[in-house]
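Undergrad:
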Amino acid sequence: MNQVNPSEQLPDKPDKATILAVLQLLRKYNLKSTEEVLKKETNIDLTVPGVHETGQNESEVSSVLSAYKSEGDPKVYEGVYLDLKNFIENSLDIYKHELGTILYPVFVHMYLELVYNNHEEEAVKFMNRFKQDQEDYYQDDLKKLSYVTKRDQMKGNELTDSFKSSEFIIRMSRDTLSLLKRHLLEKKHSVVINIIQEHLYFDMYEGVARNKAQIDATAGAVVGEATRQDNKAKVYYGLLKEPDLQFVPGEEEEGEGEGGDGEKPKKKKSKKDPLFSKKTKTDPNAPPVDRMPLPELKDADKLEKIKSLREASKRVTLGPETLPSVCMYTLLNSISTVTCAEICEDSSLLGVGFTDSLIKVWSLTPQKLKAMKSAEALQDIDREAGAFCDFTCALFDV
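Residue numbering for the sequence shown follows full-length UniProt numbering, starting at 1 and increasing by one per position.
#1: Here's the rule: buried if 16 or more other CB atoms are within 10 angstroms of the residue's CB, otherwise exposed. What is residue 198?
#2: Would you mind working out which of 74, 102 and 75 sits nearest residue 86, comparing C-alpha positions?
#3: On the CB-based measure, 16 or more other CB atoms within 10 Å of its CB, does residue 329 come out buried or exposed?
#4: Is residue 100 helix, strand or coil by DSSP?
#5: Have a look at the DSSP bridge pairing and note the partners of residue 312.
#6: Going by DSSP, name the residue or residues bridged to residue 224.
#7: Is the beta carbon of residue 89 sitting closer than 9 Å to the one on residue 172?
#8: Consult DSSP for residue 338 and reduce its assignment to one of helix, strand or coil.
#9: Looking at the secondary structure, which residues open and close the alpha helix (DSSP H) in which residue 196 lies?
#10: Could you give the DSSP three-state label for residue 378: helix, strand or coil?
#11: Name the residue from 352, 35 and 111 whose alpha carbon lies nearest to the alpha carbon of residue 332.
#12: Rounding to the nearest angstrom, what Cα-Cα distance links residue 288 and residue 314 in this structure?
#13: Look up residue 351 in the DSSP assignment and say whether it is helix, strand or coil.
#14: For the alpha helix (DSSP H) that contains residue 124, what are its first and last residues?
#15: Can you give me the start and stop residues for the alpha helix (DSSP H) that residue 478 sits inside?
#16: Would you check if the distance between the CB atom of residue 35 and the CB atom of residue 23 is smaller than 9 Å?
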């Protein structure tokens, strides 16, 4: 697929009649140096009648100048847009939907040109007539745009600045773009051609033209469809890779002093931690580890991994000689009054529910719980203070 700039699709070289008209205008205002530069750049034949003679074909020149005059005529915009709309509606169904994507940006820039040239009445009429023909996902932007009816209101307007500073991106197949080009060249609508060259960008691709559903799936943005460059950012997926963290096991304590016979104590071999000595079996059908690149772990994630590995290294393997420790808690004077009890995940709090709908929470660590304030003290709290909003509490299901 190729990305084609609209300037490559439409001819940017003026014809002979246009150059002759410009030369006549330069001669009228006695701009001889500019006239000579233009003749050198365009390689105009000096023997062509009309360049240095007064008997130039006036009808040919007037027809050329009328094209420039039509760009400032507010009545031309409505007819040109209506002709473009009729051309799209009468096109084949396979090209109709992609051709229709050009209507909205052309409509917006025509309206902005009318407003910029101080044709307020024609601009409002143009907006009211063709506004409802646009797609539903553009109606909100058109409503905001309809409030801009004067040239001064365009300054600092976010929507108008976006249209003026950014090219509207349109994805279109090669066949559809060729059909549009042929129509514009036949009709010679300079208003539409100038808008396409200055404000539109065609992302041309090879293949069959898209249907309505495919176009609506990617349309609706202020500056048109997203370019394919926007989807080239790397996306990482998969499981997080374990950090390469190495722990040096603590050195075994050496024997107490030297033996009675003066021999040096023998160094004991450090026992390998069973947590690190286990070898994981690799599945032959598993994909390679580096198939899916993963992002680097954040510092907070690395600290959590280090903390969890340290806690795991301190665990003792359970066995007949190393039985687990058990802490027993007794609630005094609670015969037939306790309905449930629960310990939180970190074993720091104990919550007990009683038959009289009372819930009591005890701290199982040396850190005591904070006492609640009385009703009188709560009334004195400044609720608008910033520190008041920073208090959080943990709720446990008991």
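Glycine included, each C-beta is placed from N, C-alpha and C at the ideal position.
TA: From the atom records:
#1: Around the CB of residue 198, fewer than 16 other CB atoms lie within 10 Å, so the residue is classed as exposed.
#2: The candidate whose alpha carbon is nearest that of residue 86 is 102.
#3: Label assigned to residue 329: exposed.
#4: Helix at residue 100.
#5: In the DSSP secondary-structure assignment, residue 312 is not bridged to any residue.
#6: Residue pairing by DSSP puts residue 224 in a beta bridge opposite 169.
#7: Going by C-beta atoms, residue 89 is not nearer than 9 Å to residue 172.
#8: In the structure shown, residue 338 sits in a strand (DSSP, three-state: E or B).
#9: Segment 190–199, the alpha helix (DSSP H) holding residue 196.
#10: In the three-state DSSP reduction, residue 378 falls in the helix class (H, G or I).
#11: Residue 352 is the option with its Cα nearest to residue 332.
#12: Straight-line Cα distance between these residues: approximately 32 Å.
#13: Three-state DSSP puts residue 351 in a strand.
#14: For residue 124, the enclosing alpha helix (DSSP H) stretches over residues 120–130.
#15: Since the first and last residues shown for the chain are 1 and 398, residue 478 lies out of range.
#16: Yes, the Cβ-Cβ distance between residue 35 and residue 23 is below 9 Å.
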